[in-house]
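Following: one structure in structure tokens, then a few remarks.
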Amino acid sequence: MSEKVNCLIIGSGPAGYTAAIYAARANMNPVLYQGIQPGGQLTTTTDVENFPGYPKGISGPEMMIELQSQAERFGTDIRNGWITNVDFRNELKLWVNNEHELECNTVIISTGASAKYLGLKSEKKYLELGGGVSACAVCDGFFYKNQEVVIVGGGDSACEEAHYLSKLCSKVTMLVRKSQFRASKIMQDRVIKTANIEILYNTSTVEVKGDGQLVTSILIKNNLNNKLREIPATGFFVAIGHKPNTDIFKPYINMDSTGYIINEQGSTKTNIKGVFVSGDAADHTYRQAITAAGTGCMAALDAERYLASM
Ligand code: NDP
């Protein structure tokens, strides 16, 4: 027996919760599945200073708790669970944790994106061992208090995380593969001006070295002269961007080669009737909490109009 759901929202970042607030207030009886990282990427960030309405800033996790309670206040049914299977051939059918079947009138995909890794064998080894590789400085930085760490990446995330780590660790070495940052000027300046952050440009990671249990150093290469060098570090942080969490929809939903869902221009409609997309799952350009929230609102309004026309 499948459960009938009027409006299913998948994902619990700013996109999902905003869609839920609008859908609940429009009496669409939304059911929201939180996924494996309730609150999404913002639960791994420090202060959010650029979301309008918080002049003093707010911590990412705190903001997500507030968004969740706002969605609950209007009656959103928020559940733990992971959508594991999809069948959009005739009806909109989805399965939670491989067993519970849902038959939906509308689906809003707000599954966000996940951290990327370099793909080195040694990186994977110490990541799986929990021995010193991480893609979240805010989650794991505390474990490297007063120690030397390395962070890879030249974008805003890398700068933000390097700055966060610099307050905990004795030294932070940033590996930037090109001769310049990709990050915004303000974020670059913040790391450049921090005394215990050393920036190595034109530098890539060759190997994460360790004693079999814990990371002890990083073998790096200067991309201009191919010279190798080992730098001591007990923590190796990766901040090189994200991949959209859209794989399960691939057989049915149009997406680009990276997996970003392609929506109809000026709307959140996908190529499947009744399925809408919001947030980072479809956005490789802006990727901000505020833009995710904006498209979450749009998706709920689009879904409401679709239901009214059914
Ligand atoms: P980005 O895609 O912006 O940057 C990724 C960085 O990682 C680039 O410097 C890239 O190098 C580097 N990189 C990618 N692959 C590799 C690799 N294999 N080896 C080494 N380096 C690699 O991702 P972010 O996560 O930093 O940011 C995503 C979005 O979120 C952006 O729009 C950003 O502005 C936003 N953001 C905003 C924040 C804020 O305003 N507070 C905080 C964090 C993120 P290259 O430049 O050479 O391609």
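Numbered by the numbering used here, the letters in the sequence shown go through residues 1208 to 1517 in order. Note that CB positions come from ideal geometry on N, CA and C, so glycine has one too.
- Restricting attention to THR1412, ILE1228, MET1505 and ILE1290, the CA atom closest to the CA of GLY1282 is found in ILE1228.
- DSSP, read as helix, strand or coil, puts THR1412 in strand.
- TYR1240 carries a strand assignment under DSSP once its states are collapsed to helix, strand and coil.
- Not one heavy atom of the ligand NDP falls within 6 Å of the beta-carbon of LEU1336.
- Secondary structure within the stretch 1354 to 1408: the alpha helix (DSSP H) runs of 4 or more consecutive residues, fully enclosed, are 1363 to 1373 and 1392 to 1399 (chain order).
- Distance check between LYS1374 and each of ALA1365, LEU1382, ASN1353 and ASP1363 places ASN1353 closest, using alpha-carbon atoms only.
- Ranked by Cα distance from THR1441, the options ASP1284, HIS1370, VAL1340 and ARG1286 are led by VAL1340.
- When only Cα atoms are considered, GLY1361 and PRO1451 end up about 20 Å apart.
- DSSP lists THR1410 as the bridge partner or partners of ASN1429.
- Here THR1250 carries a helix assignment [DSSP, helix/strand/coil].
- Looking at PHE1388, ALA1231, VAL1345 and VAL1413, the one whose alpha-carbon comes closest to that of GLU1279 is ALA1231.
- Using a cutoff of 6 Å, the CB of VAL1379 does not count as near the ligand NDP, since none of the ligand's heavy atoms is closer than that.
- Under DSSP, the beta-bridge partners assigned to ILE1216 are LEU1239 and ILE1315.
- For GLY1442, the enclosing beta strand (DSSP E) has its first and last residue at 1442 to 1445.
- When only Cα atoms are considered, ASN1257 and MET1208 end up about 45 Å apart.
- Judged by the Cβ position, LEU1325 qualifies as a neighbour of the ligand NDP at the 6 Å threshold, a heavy atom of the ligand being closer than this.
- By the neighbour-count criterion, in which a residue is buried when 16 or more other Cβ atoms sit within 10 angstroms of its Cβ, PHE1443 is buried.
- Not one heavy atom of the ligand NDP is found less than 6 Å from the C-beta of ARG1286.
- Just measuring C-alpha positions, the residue of LEU1372, ILE1290, ASN1312 and ALA1402 sitting nearest GLU1306 is ILE1290.
- Cα atoms of GLN1420 and THR1502: separation of roughly 43 Å, rounded to the nearest angstrom.
- In the three-state reduction of the DSSP assignment, THR1498 falls in the helix class, which pools H, G and I.
- A contact between stretches requires three or more CB pairs, one per stretch, nearer than 8 Å, and the stretch 1445 to 1465 meets this requirement with the stretch 1475 to 1493.
- Counted as a single uninterrupted DSSP element, the stretch harbouring LYS1476 is not any alpha helix (DSSP H), since DSSP gives it neither H nor E.
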